[in-house]
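Peer 1: I have a structure here, written as structure tokens, and I will follow up with some questions on it.
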Amino acid sequence: MGICGYFVAPWKCLVVIGVRLLFLVPAGVPARSGDSFSKDNITVRQGDSAVLKCTVDSKVSRVAWLNRTTILYAGADKWSLDPRVVRMDNTPVTEYSIKIQNVNVHDEGPYVCSILTSNKPKSSKVHLIVQGHKFVTEGEYVDMTAITKEQSGSYECISSNDISAPDVKTVKVTVNYAPFILKAGSTGTPVGQKGVLQCEASAVPGADFEWYKEDRRLLNGLNGIKIENQGKQSMLMFLNVSEEDYGNYTCVAMNTMGITNASIILYGPGTMMHDVNRAALSTHCSFCLLLTVFLLFLLKF
Ligand SMILES: *[C@@H]1O[C@H](CO)[C@@H](O)[C@H](O)[C@H]1NC(C)=O
Ligand SMILES: *[C@@H]1O[C@H](CO)[C@@H](O)[C@H](O)[C@H]1NC(C)=O
Ligand SMILES: *[C@@H]1O[C@H](CO)[C@@H](O)[C@H](O)[C@H]1NC(C)=O
Ligand SMILES: *[C@@H]1O[C@H](CO)[C@@H](O)[C@H](O)[C@H]1NC(C)=O
Ligand SMILES: *[C@@H]1O[C@H](CO)[C@@H](O)[C@H](O)[C@H]1NC(C)=O
């Protein structure tokens, strides 16, 4: 190991040992004669192929490619067990090249071409740099704590690096929340006329509605009643209001996230009444919005 002391970098030492073991370089050859030169680094994208080129001339008697200290190829002989490592054919005689297919992050590091010219070892080092794809699913994320329904929408994640066009990914964030009643009301309706009670609820997913008079559920098409749901709104319609219809009604709005209700009074003309009994609005769910976030990753390259 004494010869290694002459070298500054440990890899050079290891390369010389590798070359000595492989080619049985006579012990008398001064280690100092080992020459080395550094080529430009190679940057490849993960999954692509990396070609490692080494220039040789007619004086070169032996040549090998090493991954750190492991011999990948020695002359025409493959030492590496990795099927991704192949020798490049059809290259000029002055070129000794190997290809690493489907490069991954573990392949990153120094590769050494060792050549033996007139019994003098020489080596050239290239540093393989592997650029990984940046995926949102791979650690890049936006933390949205205490998410509110106003934060729903499309978010764009743009990742870029030096060697490829930026990746753009659209992330759709849907904030689900329990219904809360925006509007509940009626107008004074005389007997014998059409009457309408309205109820409007904000909810994601959209709310389903039910109507009650006291404890009795009201159904569409029965007892001169029609229930019409349209988006956020539900309407309870009386085709021909009678005296018995006047009274206290309840609109119930529900979705998978929760349930709420509001009371609405159907009253006659001239009866002064607040159209909504606000105190009856069940608000317990509007404040403790149990929210879930669905992330839809729409891949766009
Ligand atoms: C090659 O990469 C190594 C390690 O990242 C670095 O130290 C060296 O300066 C680079 N050489 C060139 C020529 O870019
Ligand atoms: C290079 O060596 C590293 C470390 O031993 C290993 O993980 C990687 O698979 C090797 N790559 C090739 C192409 O031999
Ligand atoms: C409404 O009901 C009353 C009482 O039952 C009836 O006399 C009247 O004709 C009805 N009006 C309509 C438009 O059906
Ligand atoms: C209507 O009914 C609800 C509950 O069913 C009650 O809280 C509210 O006070 C009633 N409104 C009136 C005006 O009686
Ligand atoms: C309306 O909400 C109140 C408070 O949550 C609840 O006690 C009541 O039973 C609800 N009424 C209906 C008809 O669902």
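All residue numbers for the sequence shown refer to this note's numbering, where the first residue is 1276 and numbers rise by one. Backbone N, C-alpha and C define an ideal beta-carbon position, used for all residues, glycine too.
#1: Drop a sphere of 10 angstroms on the beta-carbon of glycine 1481, count the other beta-carbons inside from all chains shown, and report buried for 16 or more, exposed for fewer.
#2: Taking Cβ to Cβ, would you say valine 1446 is nearer than 8 Å to glutamine 1426?
#3: Where does the unbroken beta strand (DSSP E) through asparagine 1504 begin, and where does it stop?
#4: Quick check on the DSSP output: the beta strand (DSSP E) that includes valine 1422 runs from which residue to which?
#5: Please state whether the Cβ-Cβ distance between glycine 1460 and glycine 1543 is less than 8 Å.
#6: Return the CA-CA distance between cysteine 1526 and leucine 1472, expressed in angstroms with no decimal places.
#7: Just verifying my parser: in three-state terms, what is the DSSP assignment at tyrosine 1386?
#8: Beta carbon of leucine 1493, beta carbon of leucine 1511: below 8 Å?
#9: List the whole-angstrom C-beta distance separating leucine 1347 from valine 1326, where the pair is believed to meet the contact cut-off of C-beta under 8 Å.
#10: Would you identify the three-state DSSP class for aspartate 1315, choosing helix, strand or coil?
#11: In the DSSP output, what is leucine 1472 paired with across the bridge?
#12: Leaving out five residues on either side along the sequence, give the residues of the same chain with a beta carbon under 8 Å from the beta carbon of glutamine 1321.
#13: Closer than 7 Å: is that where the CB of serine 1429 sits relative to any heavy atom of ligand 4?
#14: If you follow the beta strand (DSSP E) that threonine 1525 is part of, which residue opens it and which one closes it?
#15: Cβ of valine 1498 within 7 Å of any heavy atom in ligand 3?
#16: Please report the straight-line C-alpha distance between glycine 1522 and methionine 1532, rounded to a whole angstrom.
#17: Confirm, please, whether the CB-CB distance from lysine 1328 to glutamate 1370 is below 8 Å.
#18: CB arginine 1337 to CB isoleucine 1373, shorter than 8 Å?
#19: Quick one: using the 10 Å Cβ neighbour count with 16 as the cut-off for buried, is lysine 1334 buried or exposed?
#20: In angstroms with no decimal places, state the Cα-to-Cα distance between asparagine 1495 and tyrosine 1430.
#21: Taking just the CA atoms, how far does threonine 1330 sit from threonine 1392?
#22: To which residues of the same chain is alanine 1284 closer than 7 Å at the C-beta, ignoring the five residues directly before and after it?
#23: Determine the burial state of lysine 1444: buried for a count of at least 16 other Cβ atoms within 10 Å of its Cβ, exposed for fewer.
#24: Would the beta-carbon of threonine 1462 be found less than 7 Å away from any heavy atom of ligand 5?
#25: State the DSSP-derived secondary structure class of valine 1380, mapped to helix, strand or coil.
#26: Can you check DSSP and say which residues form a bridge with asparagine 1342?
#27: Output needed for leucine 1457: all residues of its chain with C-beta closer than 8 Å, excluding positions within five of it in sequence on either side, in chain order.
#28: Tell me the rounded alpha-carbon separation between aspartate 1357 and asparagine 1530.
#29: For a quick check, are the C-beta atoms of tyrosine 1524 and leucine 1497 less than 8 Å apart?
#30: Check whether the Cβ of asparagine 1530 sits closer than 7 Å to any heavy atom of ligand 4, and report yes or no.
Peer 2: This is what the structure holds:
#1: Numbered from its first residue, the sequence shown carries residue 1481 at position 206. By the Cβ neighbour-count rule, glycine 1481 is exposed, with fewer than 16 other Cβ atoms within 10 Å of its own.
#2: Counting from one through the sequence shown, the residue named residue 1446 turns up at place 171. Counting from one through the sequence shown, the residue named residue 1426 turns up at place 151. Cβ atoms of valine 1446 and glutamine 1426: not closer than 8 Å.
#3: Numbered from 1 along the sequence shown, position 229 holds the residue referred to as residue 1504. 1500–1505 is the span of the beta strand (DSSP E), which, as asked, contains asparagine 1504.
#4: Taking the first residue of the sequence shown as position 1, residue 1422 is located at position 147. Reading the sequence as shown, one finds isoleucine at residue 1422 and not valine. Segment: none, isoleucine 1422 is in no beta strand (DSSP E) and carries neither H nor E.
#5: Here residue 1460 refers to the residue found at position 185 of the sequence shown. Here residue 1543 refers to the residue found at position 268 of the sequence shown. Result no, Cβ atoms of glycine 1460 and glycine 1543 do not sit closer than 8 Å.
#6: If you number the sequence shown from 1, residue 1526 lands on position 251. If you number the sequence shown from 1, residue 1472 lands on position 197. Between the alpha carbons of cysteine 1526 and leucine 1472 lies a gap of roughly 9 Å.
#7: Here residue 1386 corresponds to residue number 111 of the sequence shown, with the count starting at 1. Of the three classes helix, strand and coil, the one that applies to tyrosine 1386 here is strand, per DSSP.
#8: Counting from one through the sequence shown, the residue named residue 1493 turns up at place 218. Counting from one through the sequence shown, the residue named residue 1511 turns up at place 236. Yes, the pair counts as a contact, with Cβ atoms nearer than the cut-off.
#9: Residue numbering aside, residue 1347 sits at position 72 when the sequence shown is read from its first letter. Residue numbering aside, residue 1326 sits at position 51 when the sequence shown is read from its first letter. About 13 Å separates the two Cβ atoms, so there is no contact after all.
#10: In the sequence shown, counting from the first residue as 1, residue 1315 sits at position 40. Here aspartate 1315 carries a coil assignment [DSSP, helix/strand/coil].
#11: Locating residue 1472 in the sequence shown gives position 197, counting from the first residue. For leucine 1472, which the question treats as bridged, DSSP gives the partners Ser1461, Leu1511.
#12: For the purposes of this step, residue 1321 is taken as residue 46 along the sequence shown, with counting starting at 1. Cβ within range, chain order: Val1378, Asn1379, Val1380, Val1405, Gln1406, Gly1407, His1408.
#13: One-based indexing of the sequence shown puts residue 1429 at position 154. The closest heavy atom of ligand 4 lies 7 Å or more from the beta carbon of serine 1429.
#14: Numbered from 1 along the sequence shown, position 250 holds the residue referred to as residue 1525. Counting along the chain, the beta strand (DSSP E) containing threonine 1525 begins and ends at 1522–1530.
#15: Against the sequence shown, residue 1498 aligns to sequence position 223. The sequence shown places asparagine at residue 1498, not valine. No; taking the cut-off as 7 Å, the Cβ of asparagine 1498 has no heavy atom of ligand 3 nearer than that.
#16: Counted from its first residue, the sequence shown places residue 1522 at position 247. Counted from its first residue, the sequence shown places residue 1532 at position 257. Distance between the alpha carbons of glycine 1522 and methionine 1532 is about 30 Å.
#17: Mapped onto the sequence shown, residue 1370 falls at position 95. Mapped onto the sequence shown, residue 1328 falls at position 53. With contacts defined as CB atoms closer than 8 Å, glutamate 1370 and lysine 1328 qualify as a contacting pair.
#18: Stepping through the sequence shown from its first residue, residue 1337 is reached at position 62. Stepping through the sequence shown from its first residue, residue 1373 is reached at position 98. With a cutoff of 8 Å on beta-carbon distance, arginine 1337 and isoleucine 1373 are scored as not near each other.
#19: As a position in the sequence shown, residue 1334 is number 59, starting the count at 1. Taking every protein chain shown into account, the CB of lysine 1334 has fewer than 16 other CB atoms within 10 angstroms, so this residue is exposed.
#20: For the purposes of this step, residue 1495 is taken as the residue at position 220 of the sequence shown. For the purposes of this step, residue 1430 is taken as the residue at position 155 of the sequence shown. Between the alpha carbons of asparagine 1495 and tyrosine 1430 lies a distance of about 41 Å.
#21: Taking the first residue of the sequence shown as 1, we reach residue 1392 at position 117. Taking the first residue of the sequence shown as 1, we reach residue 1330 at position 55. Cα to Cα, the separation comes out at about 12 Å.
#22: Your numbering for residue 1284 matches position 9 in the sequence shown. With a pLDDT of only 37 at alanine 1284, under 50, the local geometry of the prediction cannot be trusted, and the value read off the model is given with reservation. So the list is empty, once near-sequence residues are dropped.
#23: By 1-based counting over the sequence shown, the position of residue 1444 is 169. So lysine 1444 counts as buried.
#24: Working through the sequence shown from its first residue, we reach residue 1462 at position 187. Answer for threonine 1462: no, Cβ out of range of ligand 5.
#25: The residue labelled residue 1380 in the question sits at position 105 within the sequence shown. Correct three-state label for valine 1380: helix.
#26: In the sequence shown, the residue the question calls residue 1342 occupies position 67. Residue pairing from DSSP places asparagine 1342 in a beta bridge opposite Thr1345, Tyr1386.
#27: Position 182 of the sequence shown, counted from the start, is the residue given in the question as residue 1457. The answer, listed in chain order, is Glu1475, Ala1476, Ser1477, Lys1507.
#28: Residue numbering aside, residue 1357 sits at position 82 when the sequence shown is read from its first letter. Residue numbering aside, residue 1530 sits at position 255 when the sequence shown is read from its first letter. Separation of aspartate 1357 and asparagine 1530 (C-alpha to C-alpha, rounded to the nearest whole angstrom) is 56 Å.
#29: Here residue 1524 refers to the residue found at position 249 of the sequence shown. Here residue 1497 refers to the residue found at position 222 of the sequence shown. No, they are not a contact pair.
#30: For the purposes of this step, residue 1530 is identified with residue 255 of the sequence shown, where counting begins at 1. In this structure, asparagine 1530 has its beta carbon at no less than 7 Å from each heavy atom of ligand 4.
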